[in-house]
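Engineer:
Number of protein chains: 2
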Amino acid sequence: MSKSEGSVAEAAPTSERQCCPPIAQQRVDAATAADLAIAFKALGDPVRLQLMSMIASAPGGEICVCDLTPAFEISGSTISHHLKTLREAGLVDARRRASWVYYRPRPALMRQLSALLDPGA
Amino acid sequence: MSKSEGSVAEAAPTSERQCCPPIAQQRVDAATAADLAIAFKALGDPVRLQLMSMIASAPGGEICVCDLTPAFEISGSTISHHLKTLREAGLVDARRRASWVYYRPRPALMRQLSALLDPGA
DNA sequence: CGTCGAGCTTGACATCTATCGAAACCGTGT
DNA sequence: ACACGGTTTCGATAGATGTCAAGCTCGACG
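So the protein lines, in turn, are chains A and B. Counting along the first sequence from 1, when you hit position 64 you're at 64 in this note's numbering, and nothing is skipped either side. Heads up: take any position in the second sequence, counting from 1, add 1000, and you land on this note's numbering.
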């Protein structure tokens, strides 16, 4: 299974599901829950949540792995593994430039999750 | 370690952390990430996400466990275990009335998570 | 006071996950 | 062509997690 280019986002879980109303307003069905739980699970690790915040708040909209790795005590391969999880969840996108790989956020899913948790009034 | 009453919310992870700016605007520090990752992890299971949505969208602001359990194929003890996870994450609150236990959402944390993921503009 | 039903807790088990080191991969520069 | 540094993948392992069955607790109601 070779993935040739770096800009492809490994595809969000199933199909791009429509943006759902907040859970405070309407129940999510099982399929949607299974879908979105993948994204929440990806954020459910301290390292990944920090990685996500570093990527999302990166000035210029992107950040190099070489700037992410030294911020943690864990090995580079583990960082890479966490980044893959975020990628597969559809939360970030990776792109190679020269020798370095840059990550950028995917605001669409972030917005969807944010809207989902909005308690409304 | 006995917890005697049902209305206490098992306490949010550490202390009630201040509402943080969106991750798109500022990095979260390790302690905050560890804290909030617990909540995201709690939502990172399809069953729990559905439970959360059923609780958050319950008319009257609360819902009986007896209305939650039959919506799934899994055993009651597993439902109870998932509800405990949501409780310990600070996402829901349980209260016993007569023979039944009712769950209600805790909007504060939901709002915090929602704001955290807001990509802003 | 004894029993019944609704939920919770405990113990056990199979699966998943976070982590590491080693090896492979892929541009760059010599 | 070769070696180098950054990143990912692979294989292995300890620990966490989802699930169930069985036992327990707490009110309600005879």
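For glycine and all other residues, C-beta sits at the position ideal for the given N, C-alpha and C.
When the cut-off is 9 Å and only beta carbons count, does D118 (chain A) lie next to chain B?
Structural biologist: Yes, contact with chain B.
Engineer: Put A1115 (chain B) into one of helix, strand or coil per three-state DSSP.
Structural biologist: Reduced to three states, the DSSP call for A1115 (chain B) is helix.
Engineer: Any idea what DSSP makes of D1123 (chain B), helix, strand or coil?
Structural biologist: With chain B represented from 1001 up to 1121, any question about residue 1123 (chain B) goes unanswered, as that position is not in the structure.
Engineer: For the segment 31-47 of chain A and the segment 110-118 of chain A, state whether three or more C-beta atom pairs, one from each stretch, are separated by less than 8 Å.
Structural biologist: Yes: at least three Cβ pairs fall under 8 Å.
Engineer: Might you give, ordered along the chain, the residues of its own chain that have their beta carbon closer than 8 Å to the beta carbon of V1101 (chain B), omitting 5 neighbours on each side?
Structural biologist: Same-chain partners within the cutoff: G1006, C1064, V1065, A1094 and R1095.
Engineer: Quick check: does the Cβ of A94 (chain A) come within less than 8 Å of any heavy atom belonging to the ligand MG?
Structural biologist: Only the bare structure without any ligand can be found here, which leaves the ligand MG out of the picture.
Engineer: From this set, A:A71, A:G120, A:H82 and A:P59, which residue's C-alpha is nearest A126 (chain A)'s C-alpha?
Structural biologist: Only positions 1 to 121 of chain A appear in the structure, and residue 126 (chain A) is not among them; the question remains open.
Engineer: Between P13 (chain A) and chain B, is the shortest Cβ-Cβ distance under 9 Å, so that the two count as touching?
Structural biologist: Low confidence applies here, because P13 (chain A) scores a pLDDT of 48, under 50, leaving its location unreliable; read the following figure in that light. Not one chain B Cβ lies under 9 Å of P13 (chain A).
Engineer: Can a CB atom of chain A be found closer than 9 Å to the CB of G1044 (chain B)?
Structural biologist: True, the Cβ-Cβ gap to chain A drops below 9 Å.
Engineer: Can the beta-carbon of R104 (chain A) be found closer than 9 Å to that of G90 (chain A)?
Structural biologist: Contact: no.
Engineer: In this structure, does DSSP put C1064 (chain B) in helix, strand or coil?
Structural biologist: Strand, per DSSP.
Engineer: Any idea if R1149 (chain B) is buried or exposed, counting beta-carbon neighbours within 10 angstroms, 16 or more meaning buried?
Structural biologist: In the structure as shown, chain B begins at 1001 and stops at 1121. Residue 1149 (chain B) is therefore absent and cannot be evaluated.
Engineer: Is there a Cβ of chain B sitting closer than 9 Å to that of V47 (chain A), yes or no?
Structural biologist: Cβ-Cβ to chain B under 9 Å: yes for V47 (chain A).
Engineer: Using 8 Å as the cut-off, can you tell me whether the segment 25-37 of chain A makes contact with the segment 72-88 of chain A, which would need three or more C-beta pairs spanning the two stretches below that distance?
Structural biologist: These segments do not touch.
Engineer: What are the boundary residues of the alpha helix (DSSP H) that A56 (chain A) is part of?
Structural biologist: P46 to A56 is the span of the alpha helix (DSSP H), which, as asked, contains A56 (chain A).
Engineer: Just by C-beta distance, which residues in the segment 1045-1071 of chain B are closer than 7 Å to chain A?
Structural biologist: Residues passing the 7 Å Cβ filter: D1045, P1046, L1049, Q1050, M1052, S1053, M1054, A1056 and S1057.
Engineer: Determine, for I1079 (chain B), whether the minimum Cβ-Cβ distance to residues of chain A falls below 9 Å.
Structural biologist: No, its Cβ sits nowhere closer than 9 Å to a Cβ of chain A.
Engineer: Below 9 Å between beta carbons: does that hold for A56 (chain A) and P1119 (chain B)?
Structural biologist: Yes.
Engineer: Leaving out the 5 sequence neighbours to the left and right, which residues in its chain are closer than 8 Å to S80 (chain A) when beta-carbon positions are compared?
Structural biologist: Once the five neighbours on either side are set aside, the close Cβ partners of S80 (chain A) are V65.
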